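Read top to bottom, the protein sequences are chains R and Z. Counting from 0, one number per residue, gives the positions in the first sequence under numbering that gives the first Met the number 0. Counting from 0, one number per residue, gives the positions in the second sequence under numbering that gives the first Met the number 0. Ideal Cβ positions, reconstructed from N, Cα and C, are used throughout, including at glycine. No experiment lies behind these values; they were computed from the predicted model shown. Step one of this worksheet: look at the structure below.
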Amino acid sequence: MQPAATTDDRTQPLFDDDFLETLEYLHIIARKILSGQMKAERRSRQKGISVEFADHRPYVPGDDFRFIDWNLFFRTENLFLKLFEEEEDLYIYLLLDCSGSVDFGVPYKFHYLRRIAAAIGYLGLAGLDRVYIVPFNATLPKGAANMLSIRGKGKVFTMLRFLEGLKPGGPTNLSNCMKTFAASKRKRGLAVVLSDFYDEAAIAGLNALRYQKFEVFAVHCVSPQEAQPELLGDLRLLDTETGRFREVTLTEGLLRRYRETFSSYCDGLEKFCRKSAIGYVRCRTDLPFQDTIIHMLRKERFLQ
Amino acid sequence: MSFAAPLALAFLGLFVPVILLYLLKQRRRRVEVSTLMFWDKILRDEQTVTSIARLKKLLSLLLQLIFIGLLAFALARPLLSGKLTGARRIVLLLDTSASMLVQEGGETRFDLARHAAQGVIRGMSMGDTMTLVTFAAEPDIVQPFTDSKKDLHDALNKIQPTHSATDFKKAVKVIEQLPPDERETHIYIVSDGAFEPVDVTAPPKTRFAWLPVGKETRNVGITAFHVRPLPYSAKDFQIHVELFNGTEKEQRLPLELRLNGHLLDAYEVAVPPGQAVSKTFRQFSAEGGELEAFVDFKDAFALDNHAYATLPKPNPIKVRLVTTENLFLEHVLSTDDGIELEKVTPDNYTDTTDARVTIFSGWVPRTTPTGNSIFVGDWPADLGLKKSGELSKQLFTEWQHDHPINRHLALQNVTIAKAVAVQSTPSFQKLAASFTDPLVLLNEDQQRKVLVFAFDTSNTDLPLRVAFPIMIANSIRYLASAETGESWANPQAGSLITTADLSRYLPKGKTNLHVIVAPDNEKISLENLGSIVPVNRAGFYRGEESETNTFPLFAASLGDANESRIKPSATLPLRAKHPIAELKTGFRLGFEPWFFLVLVGVILSCTEWVLFHRRVIE
Numbered sequence: 000m001q002p003a004a005t006t007d008d009r010t011q012p013l014f015d016d017d018f019l020e021t022l023e024y025l026h027i028i029a030r031k032i033l034s035g036q037m038k039a040e041r042r043s044r045q046k047g048i049s050v051e052f053a054d055h056r057p058y059v060p061g062d063d064f065r066f067i068d069w070n071l072f073f074r075t076e077n078l079f080l081k082l083f084e085e086e087e088d089l090y091i092y093l094l095l096d097c098s099g100s101v102d103f104g105v106p107y108k109f110h111y112l113r114r115i116a117a118a119i120g121y122l123g124l125a126g127l128d129r130v131y132i133v134p135f136n137a138t139l140p141k142g143a144a145n146m147l148s149i150r151g152k153g154k155v156f157t158m159l160r161f162l163e164g165l166k167p168g169g170p171t172n173l174s175n176c177m178k179t180f181a182a183s184k185r186k187r188g189l190a191v192v193l194s195d196f197y198d199e200a201a202i203a204g205l206n207a208l209r210y211q212k213f214e215v216f217a218v219h220c221v222s223p224q225e226a227q228p229e230l231l232g233d234l235r236l237l238d239t240e241t242g243r244f245r246e247v248t249l250t251e252g253l254l255r256r257y258r259e260t261f262s263s264y265c266d267g268l269e270k271f272c273r274k275s276a277i278g279y280v281r282c283r284t285d286l287p288f289q290d291t292i293i294h295m296l297r298k299e300r301f302l303q
Numbered sequence: 000m001s002f003a004a005p006l007a008l009a010f011l012g013l014f015v016p017v018i019l020l021y022l023l024k025q026r027r028r029r030v031e032v033s034t035l036m037f038w039d040k041i042l043r044d045e046q047t048v049t050s051i052a053r054l055k056k057l058l059s060l061l062l063q064l065i066f067i068g069l070l071a072f073a074l075a076r077p078l079l080s081g082k083l084t085g086a087r088r089i090v091l092l093l094d095t096s097a098s099m100l101v102q103e104g105g106e107t108r109f110d111l112a113r114h115a116a117q118g119v120i121r122g123m124s125m126g127d128t129m130t131l132v133t134f135a136a137e138p139d140i141v142q143p144f145t146d147s148k149k150d151l152h153d154a155l156n157k158i159q160p161t162h163s164a165t166d167f168k169k170a171v172k173v174i175e176q177l178p179p180d181e182r183e184t185h186i187y188i189v190s191d192g193a194f195e196p197v198d199v200t201a202p203p204k205t206r207f208a209w210l211p212v213g214k215e216t217r218n219v220g221i222t223a224f225h226v227r228p229l230p231y232s233a234k235d236f237q238i239h240v241e242l243f244n245g246t247e248k249e250q251r252l253p254l255e256l257r258l259n260g261h262l263l264d265a266y267e268v269a270v271p272p273g274q275a276v277s278k279t280f281r282q283f284s285a286e287g288g289e290l291e292a293f294v295d296f297k298d299a300f301a302l303d304n305h306a307y308a309t310l311p312k313p314n315p316i317k318v319r320l321v322t323t324e325n326l327f328l329e330h331v332l333s334t335d336d337g338i339e340l341e342k343v344t345p346d347n348y349t350d351t352t353d354a355r356v357t358i359f360s361g362w363v364p365r366t367t368p369t370g371n372s373i374f375v376g377d378w379p380a381d382l383g384l385k386k387s388g389e390l391s392k393q394l395f396t397e398w399q400h401d402h403p404i405n406r407h408l409a410l411q412n413v414t415i416a417k418a419v420a421v422q423s424t425p426s427f428q429k430l431a432a433s434f435t436d437p438l439v440l441l442n443e444d445q446q447r448k449v450l451v452f453a454f455d456t457s458n459t460d461l462p463l464r465v466a467f468p469i470m471i472a473n474s475i476r477y478l479a480s481a482e483t484g485e486s487w488a489n490p491q492a493g494s495l496i497t498t499a500d501l502s503r504y505l506p507k508g509k510t511n512l513h514v515i516v517a518p519d520n521e522k523i524s525l526e527n528l529g530s531i532v533p534v535n536r537a538g539f540y541r542g543e544e545s546e547t548n549t550f551p552l553f554a555a556s557l558g559d560a561n562e563s564r565i566k567p568s569a570t571l572p573l574r575a576k577h578p579i580a581e582l583k584t585g586f587r588l589g590f591e592p593w594f595f596l597v598l599v600g601v602i603l604s605c606t607e608w609v610l611f612h613r614r615v616i617e
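What follows is the structure, encoded as C-alpha cells:
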C-alpha cells in the first residue's frame, strides 16, 4: 500500500480542457443511451397533468369528469379516465465524501471522486435538472455557502469551481450525515452518494435516504492500494483520517486475511444495494472515470 | 562429562549481544493507510491473546539463547564416559572369501557386505571401539581396535575380496581369544555364510549379529582340479576334475581343457542337481605347461568356472648302464621314456659322470662309485657286503610293500635259480628276501644311494614278469630322487607356500627366482616376503626373468565345494553349548552428542523462524 497520493498527483489540475471535452462526450453518450427510451429530458415517476398521455383507468364516482375519454366511451360504452404523466424538475443530490480517507491513494482518490461528481453534475445540468452538491465528512456543512445548488448548463463552471475549492480531511460519519440529510425537508430526488464507504454504519446511512423516498445511488470508490496492498514486514500503519496508528508485522498470511476482509466488506455493501434497489457502482481509481460513468448509464440505468 | 574443545564454550558469550538486540526496539517503517477499519478487524483476534503473543516473544528469545547454547556445546565436543553411554567393544568380521565375488544384480556380494559394514561403522556410538577382521582362508586383523570411524572406513575401503576358500574356524578363534573387557562385546559377522557352521565358545558378555548378504543360488563350478604326470610315463598325465551343479535341474556341462592357451580336449559331463561328479582324463604332453579347465556355463559365480594347473616339463633321468651285455636291462631302460640311457662297456668306464644312476651288471669296478649305483649279481668289496656262498632255487618270500622301490610289485612265484648268499650289515636295508636271506638291499646316506640285487637277471625269471620293469623304474626314480606323480601338486588359492616349495616348481635350468608375477599381474618380490609366499589369486603364477620374459611356475585354483555352494545362510553359522545371544541388527543412530545438539539447534532455529513469521507485535 502506498502512502497517500504523491504530491504531483494531488497538484495535478482537477478539471482541464480535456476534462470538459470528456464531459461533453459523456453527455452525447448519455443522450444516445437515453434517446430510445423517452421523449422528454427526464420523466418523473409521478402521474399528473401534462401533455404526455400515460394510461387509462376506469372511472369511479368523484373523479374529475373532464378527463373522461369520450371517444373510448363511444366505442366501449364504459367510462375511462385518461391519465397523463406529470413532468417536474429532477433533483440530483451529489453527496460527496470529503473525509480524510479519500485524501489517499495513487491516483488520488479525492480527485477521482470529484471528477465523477462533476460528470454526473454535468449530465444533470445538461438535462435541465437541479443539481445539489453536498460535501460531508463527520457532519453536513452548515449554511448554504458550503453547498451548491444550481440548475442549467450555464452553471457548469460554477459547479467545477465549487468542486475545486473542496478540501478533504477529518473523520467520516456517513451514517449520521445521511440521516441528517434525509431528515431535512428537501424535495425528494436522486441522491448519489460518492464515497469510499469506510464507515461500519454506511448501510444505515443509505437506508436513511431510502426510507425518506430518495432514489439512492452509491458510487463506491476504491484505491488499488486499498484493494491489493503490497506491504510486508514490521510497519507502523497510520490512519490518514483519524491520525491513529497500529504497529504490525505483516506476513503473507496476514495480507491474505486483509484482502479477504476487504473484499468481503465491498461485496457485502454491493449485495445490500442490489437487494435494496439502490444503484451501486464500484470504481477503482486506476481506471478512467468516464468508464465508470458509462457503466452507470448502461448497466445501472442511471438517470433513466 | 568432559569436553574435547572446551574453548568453544566461549561462544556462550553471544548471549549478551542477542539479549541486547532483542531489547532494542526495532524502528518501524511508517505507512499511511486510508483506514484502519479492516486492520482492526483482522488484528482483533491477535489482540485477544496478547499475553500469548508476549509469551511467544519471550519464547523466541529463549529459543535463540538455547540455540547458541547448543551450538557452543556442540563446538566444545562433549565427551561422555563409556558407562554412561553404554559403550561397546565391536568386532566386525568381514568375509573376503571367493564366494563374495558372486554377482548380485550388478554388484558383488562383497560390495553388499562393504555397505553393511559401513552401516555398522556408522552405527558406532561414543565410547565404542571396533576392530575390523577379514576372514577367508586365514583371518586378518586389518584394523585393530579404534574409536575412529575414519580409520575404520579407510581400512574397509582398502579391503578386496580374495579367491580363497573360507576357514571360518580360524576366524572364530580370533573371537575366542579376545581379551576380557568390562564392556559388552558385539560381534558383527558380514558374510554369505557359504560354509559349514562352526562351534564357538564365546567370551562372556558377547552378543552376535548376523548380517547375511546375497540371494543368488544358481551356480555350477569346478570344485576339484588335479593334474599329475603318470609315474612311469613322463609325457602322459592324468587329470581329475570334479564338477558341481548347484542348479535345480540336471546340467550337461561342457568342459574344455586348454594347454598353454590351445584347446586340448572338450567333454560334456552330466551332473545331477545339487551333486558333484568326478571325472578322470588321461592326456599326453611332451612339453608340459599351463593347463586350464573351463566350464562354459553362465551363472552368478564366474570364478569357479575356471580351474588352473601347471604340468612340469618331462625331465628324463640320465642312467648309465655298465655291462658287457644285459638285454633284459637294456630293453627295459630303453623303453622307459622317463629315462635317458647311456650304455658303457667296462673298458670305457670312468667314475666321473653326469648320470644320476649307474647300473652295473656282469662287471663291477674295484671301488664303489661316488654316485647312485645299482649292482646286479655282484658288487665291489668296499661296499661292506660279504659273500658267504651261493643260494639255489630261491623264492621271494617277503618284501617291504610300503617302500617306494617295491610299490606296485607282485613278486610271489618269482623264482631265482642262483643267488649270492649275503651277510648283511646294519647299514643296509633289506627290501626283499627269501626267508632270512636278503635278495635286495639298499644302502643310503646323504651323498649316495646304493641298491644291490643279490642275483643276476640271467639266473631268474623276474625279467619275464610284469614286476621287472616296475621294479627297475621304481629303483631308478628312487635313487635319482625324481618327482613322482604323487608328489606333484598345485597349491590351492588362498594358501601359503614356502620359498622351499617354490624350488619344486622351478623348471630345469632355472635357479634364481626373485619376482613372481601373480595372475592379476601383481609382482611379488621374494626378497621382501621372506620365506612365505601368499597365493591369494586363482590363476597362473609365473617367474620373472626380465621385464618381458616370464616362465610358468605353478597355478592356483579355488577348488572348494563349500565356496561353490553359494546359497546364503539365513541363520548365524555358529554352534555353542549355551544359547548364543543374538543382536537385533536394526537401524542405529551412531553419532556423537554434538550431532544431536546441532540437530536440536536446527529444529529450534526453524521453530524460531516460524514464530517470527507468525508473530504480530502490538
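Asked                                                                                                                                                                              : Found
Does the beta-carbon of Z/L603 have 16 or more other beta-carbons within 10 angstroms, so that it is buried, or is it exposed?                                                     : buried
Determine, using beta carbons only, whether R/R160 and R/V221 come nearer to each other than 8 Å.                                                                                  : no
What are the complete alpha helix (DSSP H) segments, minimum 4 residues, inside the stretch 134-207 of chain R?                                                                    : 155-163 and 173-182
Got a sec: is the Cβ-Cβ distance from Z/L92 to anything in chain R below 8 Å?                                                                                                      : no
Per DSSP, what kind of secondary structure is Z/S433 in: helix, strand or coil?                                                                                                    : strand
Three or more C-beta pairs under 8 Å: does that hold for the stretch 70-80 of chain R against the stretch 181-201 of chain R?                                                      : no
Should Z/S480 go down as buried or exposed, given a rule of 16 or more other Cβ atoms within 10 Å for buried?                                                                      : exposed
Take Z/R464 and list the residues in its own chain whose beta-carbon comes closer than 7 Å to its own, dropping the five residues that flank it on each side.                      : V413
Counting contacts by CB-CB distance shorter than 8 Å, is Z/R28 in contact with chain R?                                                                                            : yes
Would you list, in sequence order, the uninterrupted beta strand (DSSP E) runs of no fewer than 3 residues that lie entirely inside the stretch 234-305 of chain Z?                : 250-258, 261-270, 275-283 and 288-294
Using DSSP's beta-bridge definition, name the partner residues of Z/K509.                                                                                                          : DSSP lists no partner for Z/K509.
In the DSSP assignment, the alpha helix (DSSP H) including Z/R393 goes from what residue to what residue?                                                                          : Here the sequence assigns Gln to residue 393 of chain Z, which means Arg is not the residue at that position. Per DSSP, Z/Q393 belongs to no alpha helix (DSSP H); it is in the beta strand (DSSP E), K385 to L394.
Z/K40 CB to nearest chain R CB: under 8 Å?                                                                                                                                         : yes
Could you please give the first and the last residue of the uninterrupted alpha helix (DSSP H) stretch that includes Z/T130?                                                       : Segment T128 to F134 is the beta strand (DSSP E) holding Z/T130; no alpha helix (DSSP H) there.
When DSSP labels each residue in this structure, what does Z/E526 get in the three-state scheme?                                                                                   : helix
Of all Cβ atoms in chain R, is any one closer than 8 Å to the Cβ of Z/V32?                                                                                                         : yes
Can you find at least 3 beta carbon pairs, one from the stretch 322-340 of chain Z and one from the stretch 242-261 of chain Z, that sit closer than 8 Å?                          : no
As an exercise, report each continuous alpha helix (DSSP H) stretch of at least 4 residues that is fully enclosed by the stretch 66-98 of chain R, in chain order.                 : 69-75
Let me know the secondary structure DSSP gives Z/D455 once reduced to three states.                                                                                                : coil
Using a Cβ cut-off of 9 Å, which residues of the stretch 228-247 of chain R contact any Cβ in chain Z, in chain order?                                                             : P228, L230, G232, D233, L234, R235, L236, L237, D238, T239, E240, T241, R243, F244, R245, E246 and V247
Can you look up Z/T549 in the DSSP assignment and give me helix, strand or coil?                                                                                                   : strand
Less than 8 Å between CB atoms is the rule here; does Z/C605 satisfy it with respect to chain R?                                                                                   : no
Tell me which residues share the same chain as Z/L588 and place their Cβ nearer than 7 Å to its Cβ, disregarding the 5 neighbours each side in the sequence.                       : Only weak support is given to the placement of Z/L588: the predicted model assigns it a pLDDT of 48, under 50, and the question is left unresolved by the model.
Take every Cβ of the stretch 374-386 of chain Z, pair it with every Cβ of the stretch 415-427 of chain Z, and state whether three or more of those distances are shorter than 8 Å. : yes
Measure the Cβ-Cβ separation of Z/N458 and Z/I415 and say whether it is below 8 Å.                                                                                                 : yes
Give the straight-line distance between the Cα atoms of R/A207 and R/A181, rounded to the nearest whole angstrom.                                                                  : 6 Å
How many angstroms separate the CA atom of Z/F434 from the CA atom of Z/R319?                                                                                                      : 32 Å
Going by alpha carbons, who is nearest to R/P140 out of R/R129, R/K152, R/L165 and R/V155?                                                                                         : R/L165
Answer with yes or no whether the minimum CB distance from R/E104 to chain Z is below 8 Å.                                                                                         : Here residue 104 of chain R is Gly; the residue named in the question, Glu, does not match the sequence. It does: the Cβ of R/G104 has a partner Cβ on chain Z nearer than 8 Å.
Within its chain, find whatever has a CB closer than 6 Å to the CB of Z/L177; leave out the 5 residues flanking it on each side and keep chain order.                              : P202
Compile a chain-ordered list of the residues in the stretch 260-293 of chain R whose CB is closer than 8 Å to at least one CB of chain Z.                                          : T260, F261 and Y264
What does the alpha-carbon distance come out to for the pair R/R281 and R/S275?                                                                                                    : 16 Å
With DSSP collapsed to three states, give me the class of R/T248.                                                                                                                  : strand
By alpha-carbon positions, which one of Z/E137, Z/M99, Z/I373 and Z/L70 ends up nearest to Z/K169?                                                                                 : Z/E137
Tell me, please, whether the CB atom of R/D15 is closer than 8 Å to any CB atom in chain Z?                                                                                        : no
So, with DSSP's three-state summary, where would you put R/E40?                                                                                                                    : Legend: pLDDT at R/E40 = 46, less than 50; position of this residue unreliable, no value from coordinates given.
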